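For reference, the structure is listed below as C-alpha cells.
In UniProt numbering, the protein residues as written are 1 to 276.
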C-alpha cells in the first residue's frame, strides 16, 4: 500500500506536466486537464523548438555534459589508479586530503575569485573545470582498482610492461564497468547543473538549458518563445503551456537514460560502500 502510494505521488506530477504540455490551449486555460491530455496539441513544443534561444541552450547543455563528463572521467581514473597502488608514497596523506574536501569547501566567494583570477569567468571552461573531479567518485573508482587481481599486474611486469602500459592495456580494458559508472554519475551532474552557470556566466549565449528554464519559470521571462504568437490573448494562454513543455524538454533526455543505466548506478553505490 505504501509503495503504491509512493508510486502515485511520484508519477502524478510527471503525468500532469506531460498532459498539460500536450493539451489544447482552451483545455489548459479552462483547467480541464486533470490526468490525461485534453484536445491533443503540439503547439507548445513547436514554439519551444522553433526558438533559437532554446536550441542554443540545449546545445550548451550537451556540450557541458559531453565535454565535462569526458574530462572528469579521464581525470578521475588517472587520479584513482595511483592511489589504489600500495607502493605509492604518502598514499594515506593524499587520501586524507581528498576526504577532507568532501566535508569542507572553500566557499562561494573564494571559488568565484579563483575562477576569475584564472581567466575562466564567462567562458565554457568555468562550468567544466572547477567540478572536474568528485572526491566521492574518485574513492569509488579507487576501490574498484584495488579489487584488480595483483597476479595479472605482476605477470605484466615480468613480461616487461611498465606502469603506463599496464594502465592503458590491462587496467583500462577491464575497468569498463566503473568507467561507465563514472560517466553516468558525471553526465547526470552536468546535465542538471545550473548553479555554476548562474554564478560564473554573464553571457546569455553560454547559458545551459537549466538557466533558460529558470528564467522562464521563476522570472516569467518567456518573451522569445512567445514571439511568433501575435494575439495577446493567445500569448497569455500559451505562456503557461510553454513552461510545461520546457520542463519536459529538460527532463526527458536524462530520464530516458535512467532505465538503461540503473544497474550501473547500483553497482557504483555498492562499489563505494567499502572504502579503504
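Cβ coordinates follow ideal geometry from the N, Cα and C atoms, glycine included. Only a predicted model underlies this, so the values are computations on that prediction, with no experimental measurement involved.
- Task: Taking residue 203 as part of the alpha helix (DSSP H), name the residues at either end of that continuous run.
- Result: The sequence position of residue 203 within the chain shown is 203, counting from 1. Note, residue 203: premise wrong, no alpha helix (DSSP H); not H, not E.
- Query: Exposed or buried, what is residue 276 when buried is set at 16 or more other beta-carbons lying within 10 Å of its beta-carbon?
  - Reply: Locating residue 276 in the chain shown gives position 276, where the first residue counts as 1. Per-residue confidence for residue 276 stands at a pLDDT of 49, beneath the threshold of 50, marking its modelled position as unreliable; no derived number is given.
- Task: Flag this pair as yes or no: are the beta carbons of residue 142 and residue 84 separated by less than 8 Å?
- Result: By one-based count along the chain shown, residue 142 stands at place 142. By one-based count along the chain shown, residue 84 stands at place 84. In contact: residue 142 and residue 84 (Cβ atoms closer than 8 Å).
- Message: Tell me which residue opens and which closes the alpha helix (DSSP H) that residue 122 is part of.
- Response: Translated into positions along the chain shown, residue 122 becomes position 122. Per DSSP, residue 122 belongs to no alpha helix (DSSP H) and is neither H nor E.
- Query: When the Cα atoms are used, what is the spatial distance from residue 104 to residue 202?
  - Reply: Residue 104 sits at position 104 when you count from the first residue of the chain shown. Residue 202 sits at position 202 when you count from the first residue of the chain shown. For residue 104 and residue 202, the distance between alpha carbons rounds to 28 Å.
- Task: Tell whether a beta-carbon distance below 8 Å holds between residue 64 and residue 127.
- Result: Walking along the chain shown from the start, residue 64 turns up at place 64. Walking along the chain shown from the start, residue 127 turns up at place 127. Taking 8 Å as the cut-off, the beta carbon of residue 64 is found closer than this to the beta carbon of residue 127.
- Query: Could you check where the alpha helix (DSSP H) with residue 192 kicks off and where it finishes?
  - Reply: Residue 192 sits at position 192 when you count from the first residue of the chain shown. Per DSSP, residue 192 belongs to the alpha helix (DSSP H) from 176–192.
- Query: Residue range of the alpha helix (DSSP H) that residue 146 falls in?
  - Reply: Translated into positions along the chain shown, residue 146 becomes position 146. Counting along the chain, the alpha helix (DSSP H) containing residue 146 begins and ends at 135–146.
- Task: Pick out whichever of 135, 88, 79 has its Cα sitting closest to the Cα of residue 102.
- Result: As a first step, residue 102 is located in the chain shown; it is residue number 102 there, counting from the start. When each option's Cα is compared against that of residue 102, the closest is 135.
- Kindly indicate the opening and closing residues of the alpha helix (DSSP H) around residue 104. Within the chain shown, numbered from 1, the residue matching residue 104 stands at position 104. No residue range can be given for residue 104, since it is assigned to no alpha helix (DSSP H) and is classified by DSSP as neither H nor E.
- To the nearest angstrom, how far is it from the Cα of residue 161 to the Cα of residue 151? Start at 1 with the first residue of the chain shown, and residue 161 comes out as number 161. Start at 1 with the first residue of the chain shown, and residue 151 comes out as number 151. Answer to the nearest angstrom: the Cα atoms are 14 Å apart.
- Query: Can you give the Cα-Cα distance for residue 250 and residue 241, rounded to whole angstroms?
  - Reply: To locate residue 250, count along the chain shown from 1; it is residue 250. To locate residue 241, count along the chain shown from 1; it is residue 241. Straight across, the Cα-Cα distance linking residue 250 with residue 241 is about 14 Å.
- Item | 7 Å CB neighbourhood of residue 18 in its chain, flanking five on each side removed | Working through the chain shown from its first residue, we reach residue 18 at position 18. So the list reads 248, once near-sequence residues are dropped.
- Classify residue 31 as helix, strand or coil using the three-state DSSP reduction. The residue given as residue 31 occupies position 31 in the chain shown. Correct three-state label for residue 31: coil.
- Query: Hey, is the stretch 30–45 in contact with the stretch 103–118, meaning 3+ C-beta pairs nearer than 8 Å?
  - Reply: Between the stretch 30–45 and the stretch 103–118, the count of C-beta pairs closer than 8 Å stays below three; the two stretches do not touch.
- Message: Within 10 Å of its beta-carbon, does residue 1 have 16 or more other beta-carbons around it, so buried, or fewer, so exposed?
- Response: Counted from its first residue, the chain shown places residue 1 at position 1. Residue 1 is exposed by the Cβ-count criterion.
- Pair within 8 Å by beta-carbon distance, residue 341 and residue 214: A query on residue 341 cannot be resolved here, the shown segment of the chain reaching from 1 to 276 and no further.
- Query: Measuring CA to CA, which of 120, 118, 180 is closest to residue 137?
  - Reply: Indexing the chain shown from 1 puts residue 137 at position 137. Comparing Cα positions, the closest option is 180.
- Can you tell me which of 190, 238, 4 puts its alpha carbon nearest to the alpha carbon of residue 129? On the chain shown, residue 129 is found 129 positions in, with the first residue counted as 1. Ranked by Cα distance from residue 129, the options 190, 238, 4 are led by 190.
- Applying the criterion that 16 or more other CB atoms from any shown protein chain within 10 Å of the CB defines a buried residue, is residue 68 buried or exposed? If you number the chain shown from 1, residue 68 lands on position 68. Label assigned to residue 68: buried.
- Item | Minimum C-alpha distance to residue 98 - residue among 139, 124, 82, 24 | Working through the chain shown from its first residue, we reach residue 98 at position 98. When each option's Cα is compared against that of residue 98, the closest is 139.
- Task: Compare the C-alpha of residue 61 against each of 8, 153, 132, 205 and name the closest.
- Result: Within the chain shown, the letter at position 61 stands for residue 61. Nearest of 8, 153, 132, 205 to residue 61, Cα basis: 205.
- Query: Roughly how many whole angstroms lie between the Cα atoms of residue 32 and residue 9?
  - Reply: Translated into positions along the chain shown, residue 32 becomes position 32. Translated into positions along the chain shown, residue 9 becomes position 9. Rounded to whole angstroms, residue 32 and residue 9 show a C-alpha spacing of 20 Å.
- Query: Exposed or buried, residue 50, counting other C-beta atoms within 10 Å across all chains shown (16 or more means buried)?
  - Reply: As a first step, residue 50 must be located in the chain shown, where it is residue number 50. The Cβ neighbour count for residue 50, taken over all protein chains shown within 10 Å, is under 16; the residue is labelled exposed.
- Name the residue from 125, 177, 46 whose alpha carbon lies nearest to the alpha carbon of residue 77. In the chain shown, counting from the first residue as 1, residue 77 sits at position 77. Out of 125, 177, 46, the CA that lies nearest to the CA of residue 77 is found in 177.
- Residues near residue 196 in its chain [Cβ-Cβ closer than 6 Å; skip 5 each side]: For the purposes of this step, residue 196 is taken as the residue at position 196 of the chain shown. Cβ within range, chain order: 127.
- Cut-off 6 Å between Cβ atoms - residues of its own chain near residue 210, not counting five sequence neighbours on either side: Position 210 of the chain shown, counted from the start, is the residue given in the question as residue 210. Within its own chain, the residues whose Cβ lies closer than 6 Å to the Cβ of residue 210, once the five positions on either side in sequence are excluded, are 194, listed in chain order.
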